[in-house]
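For the sequence shown, our numbering assigns the number 3 to the initial residue and increments by one for each residue that follows.
One structure below.
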Amino acid sequence: METRELTYFLAVAEELHFGRAAGRLGIAQPPLSRAIRRLESQLDAQLFERTSRSVALTPAGRVLREEAGSALTALEAAERRTRRTARALAERPSVALATKAGASVDLLTDLLDRYAAADGARVEDVDVLLCGIGEQEQMLRDGRADLALLHLPFDSVEGLDYEEILVEPQVLVLPRRHPAAEAPELSLAEASALEDLPLARFPRGNGGHDPGPGPTFTDHVQLMQLIRMGRAAVVLPASVRTQLDPSLACVPVPDAPAVTTVLAWPPHSRSRTVAALVRAAVRLAEEHASIAPAVAPA
Numbered sequence: 003m004e005t006r007e008l009t010y011f012l013a014v015a016e017e018l019h020f021g022r023a024a025g026r027l028g029i030a031q032p033p034l035s036r037a038i039r040r041l042e043s044q045l046d047a048q049l050f051e052r053t054s055r056s057v058a059l060t061p062a063g064r065v066l067r068e069e070a071g072s073a074l075t076a077l078e079a080a081e082r083r084t085r086r087t088a089r090a091l092a093e094r095p096s097v098a099l100a101t102k103a104g105a106s107v108d109l110l111t112d113l114l115d116r117y118a119a120a121d122g123a124r125v126e127d128v129d130v131l132l133c134g135i136g137e138q139e140q141m142l143r144d145g146r147a148d149l150a151l152l153h154l155p156f157d158s159v160e161g162l163d164y165e166e167i168l169v170e171p172q173v174l175v176l177p178r179r180h181p182a183a184e185a186p187e188l189s190l191a192e193a194s195a196l197e198d199l200p201l202a203r204f205p206r207g208n209g210g211h212d213p214g215p216g217p218t219f220t221d222h223v224q225l226m227q228l229i230r231m232g233r234a235a236v237v238l239p240a241s242v243r244t245q246l247d248p249s250l251a252c253v254p255v256p257d258a259p260a261v262t263t264v265l266a267w268p269p270h271s272r273s274r275t276v277a278a279l280v281r282a283a284v285r286l287a288e289e290h291a292s293i294a295p296a297v298a299p300a
């Protein structure tokens, strides 16, 4: 199979309309139809159920849709990493580390400090890429980043190597003036039931947001502004307390799932800088394990 054929197939699979897919690809419909027929003949499988009114994926087509998307993403990632390696041959090699803007600030600083303490390591060799909520995993998978700070269970580490750095409980972040800010702790159900302070809805990779009555947001700055205005609350990892201004408060939510921050990287990475950062992550994880601070109301 050729990448062009897979690209054509995915366009039809997503549009479920040959005319729209051809327009999206910038080609005429007849050559698109011929390319799909050649692909079906090569695979000895019918990929689409076609009628005069509709186009639908067959079970075989649904399998190819998943596999083709992964294959093209892997090829794009390989191209980006190869180009970056080639550019680095004439310079000192560097790596790109993706992290969510506004999150894990202290953890990232500690990680880079421990990396810089190693012999021959330079912080300038690490390009920190600040990204939107949930974007760091995709940046790692498509080759724009060599490592990423991910947060379980919200991000996926399937197919990646990773090192756990910190496991922490979650807290409800809300305006300090709100009566619930005085509570010693709240259950997740109680936090969700604050009618005058609905939980903000996180953006998701498909362009949508979590279900619920609360307002939506696109980044950390917007989220904090919504809370200051008294329009929303949010459940976040307890380490967020170090980044809050005096107008906001944190209340522990003991039954919320713990959040594990990990440093993740592709399993085929051979970068010495990546390896040095992983060793720094191991040292940082050992330090956190030895301290294991308790979370109190703020």
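By construction, the Cβ of each residue, glycine as well, lies at the ideal position given by its N, Cα and C atoms.
Nearest candidate by alpha-carbon position, reference residue i, set the options
| i | options | result |
| --- | --- | --- |
| residue 4 | 19, 41 and 21 | 41 |
| residue 253 | 260, 200, 176 and 283 | 176 |
| residue 80 | 183, 261, 206 and 143 | 143 |
| residue 44 | 7, 158 and 191 | 7 |
| residue 197 | 206, 210, 204 and 182 | 182 |
| residue 170 | 158, 160, 69 and 154 | 154 |
| residue 227 | 146, 249 and 210 | 249 |
| residue 83 | 281, 68, 271 and 280 | 271 |
For residue i, the first and last residue of its enclosing beta strand (DSSP E)
| i | result |
| --- | --- |
| residue 52 | 50 to 52 |
| residue 152 | 149 to 154 |
| residue 59 | 57 to 59 |
| residue 263 | 261 to 267 |
| residue 27 | Note, residue 27: premise wrong, no beta strand (DSSP E); alpha helix (DSSP H) at 20 to 27. |
| residue 172 | 172 to 177 |
| residue 100 | 97 to 102 |
| residue 257 | It is not in any beta strand (DSSP E) - residue 257 carries neither H nor E in the DSSP assignment. |
| residue 129 | 128 to 133 |
| residue 199 | Where residue 199 is concerned, there is no enclosing beta strand (DSSP E), given that its DSSP letter is neither H nor E. |
| residue 238 | 236 to 239 |
Bounding residues of the alpha helix (DSSP H) (the contiguous stretch that carries residue i)
| i | result |
| --- | --- |
| residue 159 | Taken as a continuous stretch (DSSP letters only), residue 159 belongs to no alpha helix (DSSP H), as it is neither H nor E. |
| residue 222 | 222 to 230 |
| residue 5 | 5 to 17 |
| residue 108 | 107 to 118 |
| residue 138 | 137 to 143 |
| residue 31 | 31 to 45 |
| residue 191 | 190 to 194 |
Short Cβ contact (8 angstroms threshold) for residue i with residue j
| i | j | result |
| --- | --- | --- |
| residue 62 | residue 47 | yes |
| residue 258 | residue 172 | yes |
| residue 273 | residue 148 | yes |
| residue 99 | residue 150 | yes |
| residue 101 | residue 132 | yes |
| residue 167 | residue 19 | no |
| residue 128 | residue 107 | no |
| residue 174 | residue 255 | yes |
| residue 199 | residue 180 | yes |
| residue 284 | residue 160 | no |
| residue 251 | residue 206 | no |
| residue 221 | residue 105 | no |
| residue 49 | residue 263 | no |
| residue 11 | residue 70 | yes |
| residue 278 | residue 119 | no |
Residue burial classification, residue i (beta-carbon count within 10 angstroms, cutoff 16)
| i | result |
| --- | --- |
| residue 223 | exposed |
| residue 56 | exposed |
| residue 116 | buried |
| residue 92 | The predicted position of residue 92 is uncertain, since its pLDDT is 47 and thus under 50; a value taken from the coordinates is nonetheless stated next. Looking at its Cβ environment, which holds fewer than 16 other Cβ atoms inside 10 Å, residue 92 is exposed. |
| residue 122 | exposed |
| residue 13 | buried |
| residue 54 | exposed |
| residue 64 | exposed |
| residue 130 | exposed |
| residue 247 | exposed |
| residue 77 | exposed |
| residue 112 | buried |
| residue 21 | exposed |
| residue 276 | buried |
| residue 30 | exposed |
| residue 125 | exposed |
| residue 212 | exposed |
| residue 23 | buried |
| residue 146 | buried |
Does the region 185 to 196 come into contact with the region 134 to 141, if we say contact requires no fewer than three beta-carbon pairs (one atom in each stretch) closer than 8 angstroms? no
Validate contact between the region 265 to 279 and the region 232 to 243 using beta carbons, cut 8 angstroms, 3 pairs: no
Closer than 8 angstroms is the cut-off here; do at least three beta carbon pairs connect the region 199 to 216 with the region 225 to 237? yes
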